[in-house]
Every structure is written in C-alpha cells, then in structure tokens.
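Input: a single structure, listed below in structure tokens.
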Amino acid sequence: MRIGVIVYSQTGHTLQVAERVKERLIGEGHSVALEQITVAGGRTPKTKEFELDARPSVDAYDAIVFASYVEAFSLCAVMARYLKQMGSLRGKQVACLVTQQFPYPWMGGSRAIKQMKQICQSKGAVARATGIVNWAQFRREVTMAAAVDRIGKAF
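The sequence shown begins at 14 in our numbering and counts up by one.
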C-alpha cells in the first residue's frame, strides 16, 4: 500500500513521532513517504495570520497519516487549514495523530483528534486509527509506542 505521512511540526516533536510511524509502516511492507506542511515565513504559536507554503498532495497515496500538534486545546490551526483547503479524500484510508504537551488526552488531544477526524470524514475519508502522544516526560515513550503500534496495525 502507498502511504503518505503528512506532518506539521513546529518544535520537531510531532516530526519525531511521524518518523517512527513511517519506520513502522515500512516494516509492515508498505511504501511510505513523509511530507511536511510548511508556513511561509514561519509562524509563532496561536497566530491566526499565516500562509501555507508547502501543501503536500495526497493524490498518489492509498492511505494517509495526518500528524500535527495540539494548540490551545484544539487542532493546530495550520493543520486545520490544510485539511479544510484540500480536495476530496473519497476512498482514502486515514489515521490521525497528535502530540500534546499536557499529560492526559482529555487536555486537548481528544478534541484535536475529533476535529481532525471530522474534517477528513467530511471529505469522504475512512478513519482507520488515531493516536495521541503526551509529550510530558513520564508518559512520552508509553504513549508514543501505543500510537505508533495502533497506526502500524491499521493498514
């Protein structure tokens, strides 16, 4: 299966998890490409004014993993805009992944995943898996391993 891992990461944390997902999916026998969404001129957190620079196309993929971070208890505005501006996802299988600083999913991660899934499903995608990685030191490795495993088994 051709899988695209589409990631927006500001600090590198989400990118680190996305790279682990990519490695796992390659290990499962898939052809995987990791592509990053970028913002022209960079962006400071919570800024609503920005322009998407790199908008990876998902047309070539059978399945897509969208990875972003939680911002102000919601899906990061950059990923939300990217998803809303893209065309149809009809027939695509997707997995949604977020990272968050807070230690528990109910502190923004669950809401961000719900927002991401709703946008994808409204465009015709079939949500196969989700993952929330809590970046707090004591939960990071456990939640990262669980998310990578869940997404790795989904396709």
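We put the CB at the ideal spot given by N, CA and C, even for glycine. Quick caveat, the model's predicted, so the values are computed rather than measured.
*Quick one: what's got a C-beta closer than 6 Å to cysteine 109's C-beta in the same chain, skipping five residues either side?*
Stepping through the sequence shown from its first residue, residue 109 is reached at position 96. Around cysteine 109: Phe79, Ile126, Met129, Lys130 and Thr143.
Which residue's Cα is closest to the Cα of glutamine 150: Ser135, Ile164 and Pro116? For the purposes of this step, residue 150 is taken as residue 137 along the sequence shown, with counting starting at 1. Closest option to glutamine 150, Cα to Cα, is Pro116.
* To do: Kindly indicate which three-state DSSP category glutamine 106 falls into: helix, strand or coil?
  => For the purposes of this step, residue 106 is taken as residue 93 along the sequence shown, with counting starting at 1. If DSSP states are grouped into helix, strand and coil, glutamine 106 belongs with the strands.
From glutamate 64 to isoleucine 39, what distance separates their C-alpha atoms?
To locate residue 64, count along the sequence shown from 1; it is residue 51. To locate residue 39, count along the sequence shown from 1; it is residue 26. Between glutamate 64 and isoleucine 39, the C-alpha separation is close to 32 Å.
- Query: Of all the alpha helix (DSSP H) runs that stay within the bounds of the region 87-151, which reach a length of 4 or more residues?
  - Reply: 90-98 and 122-135
| Taking the alpha-carbon positions, what's the lysine 136 to serine 101 distance? | Taking the first residue of the sequence shown as position 1, residue 136 is located at position 123. Taking the first residue of the sequence shown as position 1, residue 101 is located at position 88. Cα-Cα distance, rounded: 5 Å.
query: So, are the CB atoms of valine 30 and valine 146 less than 7 Å apart?
result: Reading the sequence shown from its first residue, position 17 is the one you call residue 30. Reading the sequence shown from its first residue, position 133 is the one you call residue 146. In contact: valine 30 and valine 146 (Cβ atoms closer than 7 Å).
What's the gap between the Cα of arginine 124 and the Cα of glycine 42? Reading the sequence shown from its first residue, position 111 is the one you call residue 124. Reading the sequence shown from its first residue, position 29 is the one you call residue 42. Whole-angstrom Cα-Cα distance: 32 Å.
Item to check | Endpoints, alpha helix (DSSP H) assigned at arginine 33 | outcome: The residue given as residue 33 occupies position 20 in the sequence shown. Where arginine 33 is concerned, the enclosing alpha helix (DSSP H) stretches over 26-40.
Fill in: Where methionine 92 falls, given that 16 or more other Cβ within 10 Å makes a residue buried
Counted from its first residue, the sequence shown places residue 92 at position 79. Buried, by the Cβ-count rule.
Nearest-angstrom Cα distance between lysine 97 and isoleucine 132? As a working note, residue 97 is residue 84 in the sequence shown. As a working note, residue 132 is residue 119 in the sequence shown. In a straight line, the C-alpha of lysine 97 is about 7 Å away from that of isoleucine 132.
*Can you tell which of Val155, Arg141 and Ala158 has its C-alpha closest to the C-alpha of phenylalanine 168?*
Taking the first residue of the sequence shown as position 1, residue 168 is located at position 155. It is Arg141 whose Cα lies nearest to the Cα of phenylalanine 168.
Report yes if the CB atom of phenylalanine 76 is closer than 7 Å to the CB atom of isoleucine 16, and no otherwise. Sequence index remark: in the sequence shown, residue 76 carries index 63 (1-based). Sequence index remark: in the sequence shown, residue 16 carries index 3 (1-based). Note that residue 76 is alanine in the sequence shown, not phenylalanine. Taking 7 Å as the Cβ cut-off, alanine 76 and isoleucine 16 qualify as a contacting pair.
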